[in-house]
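Protein chains in written order, with my numbering: chain X, 43 to 486; chain L, 4 to 251; chain S, 74 to 289.
Every residue gets a Cβ at the ideal spot worked out from N, C-alpha and C, and that includes glycine.
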Amino acid sequence: MAKRAAQFPDPAEWDALRALAASIRARTLSKLPALLEALEARCSANGIRVHWAETVDDANQIVLGILRAHGATRLVKGKSMVSEEMHLNDFLEENGVESLESDLGEYIIQLDGETPSHIIMPAIHKSRQQIARLFGEKIRGAEYTEDVDALTATARRVLRRKFFEAEAGISGVNIAVAETGTLLLVENEGNGRMSTHVPPVHIALMGIEKVVEKLEDVAPILTVLTRSATGQPVSTYLNLIGGPRGPGEKDGPAEVHLVILDNGRSRIFADEEVAATLRCIRCGACMNHCPVYTRVGGHAYEAVYPGPIGSILTPQTEGLAGRHDLPHASSLCHACVEVCPVKIPITQILVTLRKESARAAPEFKVKGAGGGRDRLEDLAWAGWRMAHVSPLLYKAMGLSLRVLGPFLKGGAGPLRAWTQARTMPRRAPRTLHDFAREKGLPDA
Amino acid sequence: MTAGKPEAVYFFGTCVVDLFFPEAGLGGIELLQREGVRVVFPRGQTCCAQPAFNCGYHEEARAVARAQMALFPKPLPVVVPSGSCAGMMKHHYPDLFEGTPEHAMAVAFASRVHELTQFLVDVLGVRLTDRGGKTTVTWHSSCHGLREMGLETEPKALLAQLSNVTVVPLERERECCGFGGTFSVRYPDISAAMVADKIADVASTGAPTVLSADAACLLNIGGALEKAGAAARPMHLAEFLWQRTRER
Amino acid sequence: MPDARERILGRLRAVKPSAAPASDFSVVEAKTWSPAARLERLRAAMVAVRTEFLDATAESWPETVRAFLVTQGARRVAYGPGTAAGRLLAAACARAGAPALVPYDRPVEALKTTLFDDVDAGFTTVRSAIADTGTLVLWPSPEEPRLLSLVPPLHVALLSAATIRDTLLSVLRDEGWARGLPPNVVLVSGPSKTADIEQTLAYGVHGPKRLVVVLV
Numbered sequence: 043m044a045k046r047a048a049q050f051p052d053p054a055e056w057d058a059l060r061a062l063a064a065s066i067r068a069r070t071l072s073k074l075p076a077l078l079e080a081l082e083a084r085c086s087a088n089g090i091r092v093h094w095a096e097t098v099d100d101a102n103q104i105v106l107g108i109l110r111a112h113g114a115t116r117l118v119k120g121k122s123m124v125s126e127e128m129h130l131n132d133f134l135e136e137n138g139v140e141s142l143e144s145d146l147g148e149y150i151i152q153l154d155g156e157t158p159s160h161i162i163m164p165a166i167h168k169s170r171q172q173i174a175r176l177f178g179e180k181i182r183g184a185e186y187t188e189d190v191d192a193l194t195a196t197a198r199r200v201l202r203r204k205f206f207e208a209e210a211g212i213s214g215v216n217i218a219v220a221e222t223g224t225l226l227l228v229e230n231e232g233n234g235r236m237s238t239h240v241p242p243v244h245i246a247l248m249g250i251e252k253v254v255e256k257l258e259d260v261a262p263i264l265t266v267l268t269r270s271a272t273g274q275p276v277s278t279y280l281n282l283i284g285g286p287r288g289p290g291e292k293d294g295p296a297e298v299h300l301v302i303l304d305n306g307r308s309r310i311f312a313d314e315e316v317a318a319t320l321r322c323i324r325c326g327a328c329m330n331h332c333p334v335y336t337r338v339g340g341h342a343y344e345a346v347y348p349g350p351i352g353s354i355l356t357p358q359t360e361g362l363a364g365r366h367d368l369p370h371a372s373s374l375c376h377a378c379v380e381v382c383p384v385k386i387p388i389t390q391i392l393v394t395l396r397k398e399s400a401r402a403a404p405e406f407k408v409k410g411a412g413g414g415r416d417r418l419e420d421l422a423w424a425g426w427r428m429a430h431v432s433p434l435l436y437k438a439m440g441l442s443l444r445v446l447g448p449f450l451k452g453g454a455g456p457l458r459a460w461t462q463a464r465t466m467p468r469r470a471p472r473t474l475h476d477f478a479r480e481k482g483l484p485d486a
Numbered sequence: 004m005t006a007g008k009p010e011a012v013y014f015f016g017t018c019v020v021d022l023f024f025p026e027a028g029l030g031g032i033e034l035l036q037r038e039g040v041r042v043v044f045p046r047g048q049t050c051c052a053q054p055a056f057n058c059g060y061h062e063e064a065r066a067v068a069r070a071q072m073a074l075f076p077k078p079l080p081v082v083v084p085s086g087s088c089a090g091m092m093k094h095h096y097p098d099l100f101e102g103t104p105e106h107a108m109a110v111a112f113a114s115r116v117h118e119l120t121q122f123l124v125d126v127l128g129v130r131l132t133d134r135g136g137k138t139t140v141t142w143h144s145s146c147h148g149l150r151e152m153g154l155e156t157e158p159k160a161l162l163a164q165l166s167n168v169t170v171v172p173l174e175r176e177r178e179c180c181g182f183g184g185t186f187s188v189r190y191p192d193i194s195a196a197m198v199a200d201k202i203a204d205v206a207s208t209g210a211p212t213v214l215s216a217d218a219a220c221l222l223n224i225g226g227a228l229e230k231a232g233a234a235a236r237p238m239h240l241a242e243f244l245w246q247r248t249r250e251r
Numbered sequence: 074m075p076d077a078r079e080r081i082l083g084r085l086r087a088v089k090p091s092a093a094p095a096s097d098f099s100v101v102e103a104k105t106w107s108p109a110a111r112l113e114r115l116r117a118a119m120v121a122v123r124t125e126f127l128d129a130t131a132e133s134w135p136e137t138v139r140a141f142l143v144t145q146g147a148r149r150v151a152y153g154p155g156t157a158a159g160r161l162l163a164a165a166c167a168r169a170g171a172p173a174l175v176p177y178d179r180p181v182e183a184l185k186t187t188l189f190d191d192v193d194a195g196f197t198t199v200r201s202a203i204a205d206t207g208t209l210v211l212w213p214s215p216e217e218p219r220l221l222s223l224v225p226p227l228h229v230a231l232l233s234a235a236t237i238r239d240t241l242l243s244v245l246r247d248e249g250w251a252r253g254l255p256p257n258v259v260l261v262s263g264p265s266k267t268a269d270i271e272q273t274l275a276y277g278v279h280g281p282k283r284l285v286v287v288l289v
């Protein structure tokens, strides 16, 4: 959090950058189908083969089809959250393809059979001792060492062989540019370049929303992305991929494929109350500043995307029936809203999801609306409504709190949850209404 | 903000102040009256409807919000001693009534809503004289006040006017106290961890009083302080300001 | 899958989304420096992430680079023989007898093992650079392939100070990138690094461990 704050020392500059980044992403959404068509046309003209997938199953099948066509069974992967959505590694494993994560953090958790706990720093939950033990146990020829440089050198050695031998490389796409048909990849380690330049086939995976209109649009987006994600002004490498190996080129893949995935995003796009969810550039700032995420960690969300963005995206792609609890795992403190570089109104969307979870109504568009319906809670709020619409009932409620107060110990349910950490609130002997009456304040 | 002092204002106490921190409401009213402003307190007022709104029960929220707006018909400022309740009325009432016949009324009503501290500083330009002895306090910023109402400099400006009061800042002043309405009982472990960090922060300042402009935070922080047997006590800024500056 | 494409686009086209606010780039456009300040800023930014600098002149750089490579123990150095700079470096190395230059003048398939296992350094030119973030613009071509700046553990890059521009935005616009890009462009801002182990910075992960900028 401090590193990110140090990257934006000037509030006026931050405001202007946010406004610019938000406008660029909003512009994307205002023209999305046209931009995707333009992207496809330019990519195709440059020799990139474009595929469209409605579901993660479709996307997995497309990837497998490409690999089979080349007889490829060993591939290296750069970091891609879309591939996590697809559970691609598991799918490929089941189909006899070795899919090796090459980003150091992803490599570590893959070695340990885990999933990422953060979208930028996937192994943030692991200590160096855990990593040292893991490498010592699982990597042939690696001795136990807790020295970070030595651990890194081991990973470099192992993965270098894999880059050399890989028959295909898979990557995500940080931003795609419709104007030029360019796929941009941001990274620090060099594994992305290795995965996309060395193997003879490169497959890039992206969600339908990850496109911008013009090449110049990438400049402000990249600035806020790297500063928000890792607190640096720039990433080590910015890789602009415009096509496969060109005429006369000595290296580069013979084939480049782009898989464009929907997986529920078009449904989000169609609902203007929640469409801003798709502005996300996957910077991670929201979770880094979330008092809930920073205490429970990413795995607690049991979802591909954790933190505030995960809490609004996951229920929308997977449906509220199974995920109605996620939007409630927030105190609505707005810390995420404050730092989001593209101004996604996250808390507003959380409330919308809570609303559409509590009941189903014809105008509710989120997948699985009413999936979180709780009859007891319906009753409670119906009672609350009565007690607050009628001044007389409100007064009666206030009186009963006074009378029952001493008996309201932390017995069960919400009261018990409250009194875990706090004493019960005590109703004041006289209310503000009482004082106002005593002071003879005018009523109207 | 409007220029010049209005002749009268409405006061919306909020349900938490009404039932649990009435001295905060009283303090607010006294501070306004001392500036020569007539304070109108509609007796039928209950709750801004934020609890139902945040939980997604918007039909119920609308019913209660509608009842509140009907009690404040004149074009007077509506002053509210809570950042979250003021934020609810100012920023969410218009959305809540979008597409309904009351939308225009909600927009007009929202434009008249002021948080108390902001009203005292920006509209009335109060000057305070400290009549109390030396003391230290610490300040919790309250998320909705801070991030929805932009309430940051005004409370500190008022505290700075009190010559015998030293404000010792919290290390994590702007971090959520963990209340979040029903969040505190739906996710009690996380909420408890958040409030535990907050009261540890309060304890490390050594201040006997933790101030906030939001009574809901005070319920949470105060309840945790008491359960932990801590020395510090919670107090609403309005009550504190009135106590420090009233003529003895 | 034409069906999927039409269904996805069909759903998207059916929506009437709100208009977006205009994009005001002035906060980025405002970032400009004098040529001297640009150089200072670039150097400081790159040094902060462990880039090394060798200062030279247009005449002296081939010998400076050659001598540097020898002192660093780089016995075999890959380069692009089809560039003017490549030819100058080759001439300097031929005169002195070391280091041995490995021309990257054939498809990688014929050179892969050498490149991965038997080359100590790679030499490339640089098209331009960005002062704002301390970034080199590499423009791979048939003469200077992509892997030169990626696979060898030491990357030596020849930068002319006169080509340093203010920001990424100014580079994109001034050089007219939107008119057409080669199959690959890469922007390099330092040696390879990671903070994935306990958020501790470690250098030389998969890309070059060392980046040396020869500044003329």
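DSSP bridge partner residues for residue i (one or two, in chain order)
| i | result |
| --- | --- |
| L:Pro-237 | L:Val-213 |
| S:His-228 | S:Gly-195, S:Leu-284 |
| L:Thr-1 | Chain L is shown only over 4 to 251; residue 1 of chain L falls outside these bounds and no answer can be derived. |
| X:Ile-212 | X:Lys-119, X:Ile-245 |
Whole-angstrom distance between residue j and residue i, CA atom to CA atom
| i | j | result |
| --- | --- | --- |
| L:Met-4 | S:Ala-110 | Bear in mind that a pLDDT of 47 at L:Met-4, under 50, signals an unreliable position, so the model cannot answer this. |
| X:Val-139 | X:Leu-247 | 17 Å |
| X:Cys-375 | L:Ala-107 | 28 Å |
| L:His-143 | X:Gly-273 | 27 Å |
| X:Pro-357 | X:Ala-76 | 27 Å |
| S:Val-261 | S:Pro-281 | 11 Å |
| X:Val-276 | S:Leu-220 | 22 Å |
| L:Glu-62 | L:His-239 | 31 Å |
| L:Lys-8 | L:Asp-192 | 47 Å |
| X:Ala-58 | S:Thr-130 | 41 Å |
| X:Glu-179 | X:Ser-122 | 27 Å |
| L:Val-188 | X:Gly-211 | 47 Å |
| X:Ile-104 | S:Ala-77 | 12 Å |
| X:Tyr-149 | X:Leu-226 | 22 Å |
| X:Asp-476 | L:Ser-85 | 19 Å |
Under 8 Å between C-beta atoms of residue i and residue j
| i | j | result |
| --- | --- | --- |
| S:Glu-102 | S:Thr-156 | no |
| S:Ala-165 | S:Glu-136 | yes |
| X:Glu-127 | X:Val-346 | yes |
| L:Phe-112 | L:Met-72 | yes |
| L:Arg-175 | L:Asp-204 | yes |
| S:Leu-340 | S:Val-181 | Absent from the structure is residue 340 of chain S, since the part of chain S shown begins at 74 and ends at 289. |
| L:Arg-41 | L:Ala-11 | yes |
| S:Thr-240 | S:Lys-89 | no |
| X:Gly-214 | X:Asn-88 | no |
| X:Ala-299 | X:His-112 | It should be pointed out that residue 299 of chain X corresponds to His in this sequence rather than to Ala. Against a cut-off of 8 Å, the Cβ pair of X:His-112 and X:His-299 comes out as no contact. |
Reference residue i; option with closest CA among the options
| i | options | result |
| --- | --- | --- |
| X:Ala-342 | X:Gly-413, X:His-167, X:Trp-460 | X:His-167 |
| X:Gly-285 | X:Ala-318, X:Arg-464, X:Ser-277, X:Val-243 | X:Val-243 |
| X:Ile-161 | X:Ser-169, X:Ile-151, X:Arg-170, X:Leu-446 | X:Ile-151 |
| X:His-370 | X:Ala-400, X:Cys-382, X:Glu-360, X:Ala-44 | X:Ala-400 |
| X:Val-379 | L:Ile-202, L:Cys-146, L:Glu-26 | L:Cys-146 |
| S:Glu-248 | S:Ser-201, S:Lys-266, S:Thr-273 | S:Ser-201 |
| X:Arg-170 | X:Leu-193, X:Asp-154, X:Pro-158, X:Glu-185 | X:Leu-193 |
Taking the runs of the alpha helix (DSSP H) that are 4 residues or longer, which of them lie wholly in the region 77 to 102 of chain S? 99 to 102
Which parts of the region 193 to 219 of chain S are runs of the beta strand (DSSP E), unbroken and 3 residues or longer, counting only runs that do not cross its ends? 194 to 198, 201 to 203, 208 to 211
Runs of alpha helix (DSSP H) lying entirely within the region 435 to 471 of chain X, each at least 4 residues, in chain order: 455 to 461
Please list the segments of the alpha helix (DSSP H) lying wholly inside the region 328 to 393 of chain X, counting only runs of 4 or more residues, in order along the chain. 335 to 338, 349 to 360, 362 to 365, 377 to 381
Please specify which runs of the beta strand (DSSP E), each continuous and at least 3 residues long, are wholly inside the region 98 to 163 of chain L, giving them in chain order. 116 to 118, 138 to 142
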